[in-house]
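Asker: Quick note on numbering: the sequence shown equals residues 1 to 80 in UniProt numbering.
Glycine is no exception: its CB is placed at the ideal position from the N, C-alpha and C atoms.
Here the structure is a predicted model, which means the values were calculated and not measured.
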Amino acid sequence: MKVHGPPCATLDEETPVPETSATRIELSGAARTFTDAFLLGNGALGATVYGRGEREDFDLNADTLWSGGPTQRTPSGGGG
């Protein structure tokens, strides 16, 4: 898989996207509800963006909101 452009970049009319990209996704319009939006994240932090041109809603979520606080993410044996 090839990544075109910097990670987490917003695509707009000025961001070139190669026509030959194998990972290209095209939509017919903006996501108007949460169920139409793409889920973005890494398992610990997540987001969705949806709405219309005049208003966009962002849903942000972090696992610490649901699990009680920050946790130690490195293995206890020091590997990582």
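1. Pick out whichever of 28, 74, 45, 26 has its Cα sitting closest to the Cα of residue 63.
2. Which runs of the alpha helix (DSSP H), 4 residues or longer, sit entirely within the UniProt domain "Glycosyl hydrolase family 95 N-terminal" (27-76)?
3. Quick one, are the C-beta atoms of residue 89 and residue 48 less than 8 Å apart?
4. Label residue 72 either buried or exposed according to how many other C-beta atoms from any shown protein chain fall within 10 Å of its C-beta, with 16 as the threshold for buried.
5. Within its chain, find whatever has a CB closer than 6 Å to the CB of residue 59; leave out the 5 residues flanking it on each side and keep chain order.
Answerer: From the atom records:
1. 45
2. Counting whole runs of 4 or more residues, the UniProt domain "Glycosyl hydrolase family 95 N-terminal" (27-76) contains the alpha helix (DSSP H) stretches 63-67.
3. Past the boundaries of the shown model lies residue 89; the chain is included only from 1 to 80, so the question cannot be answered.
4. exposed
5. 48
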